[in-house]
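Quick note on the numbering used here: the sequence shown kicks off at 38 and runs consecutively.
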Amino acid sequence: MSIVELSKRYNKLVKGGYNKKPINSAKDVYDIFVDEMRPYKKEVLKVVLLDTKNVPISIKEVSVGTLNSSLIHPREVFKDAIKESANSIILVHNHPSGNCEPSSEDIEMTKLLVQAGEHLGVKVLDHVIIGKKKYWSWKEN
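Shown next as structure tokens:
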């Protein structure tokens, strides 16, 4: 990772970046993650842990998959949310192909995680897939 990229991330985090402002839309999620996730060569799933006002508490990398899939277990997705008393989460992952349309596996995984979150009392607000120049949002579709 370059010094420039580290500086961008530091500025986002410390100087009024994504941990200071509520996340109100999938576009907000896309803007936070696009520069970081677009160049990834493998699918990576991150979980944004949110407080009661949708302000990020922290961001956790939960899974690194292959070129076109990611191995995910609900336990890993919700572990940090429970530890850090998150009110809700947003799932974010990339598609290295650049096509942000969800696969059938993405849809099934999201349904499973929404159900798990309901049982645990941690709401899944959205699942955003980052593509080359656009995004797909579970909530908006």
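Even glycine gets a Cβ: it sits at the ideal position worked out from N, Cα and C. What you are looking at is a predicted structure, and each value in this text was computed from that prediction instead of being measured.
Within the same chain, and ignoring the five residues on either side of G135 in sequence, the residues whose Cβ sits closer than 6 Å to its Cβ are G168 and K169. For the pair E113 and L86, the CB atoms are not nearer than the 9 Å cut-off.
Each residue's CA atom was taken as its position, placing V165 and D88 some 18 Å apart. The beta-carbon distance between P133 and E80, rounded to whole angstroms, is 7 Å. This is short enough to meet the 8 Å contact definition. I166 is bridged by DSSP to H130 and W173. Distance between L149 and P111, taken at the CA atoms: about 8 Å. Of the candidates P76, S62 and K90, the residue whose Cα lies closest to the Cα of L128 is S62.
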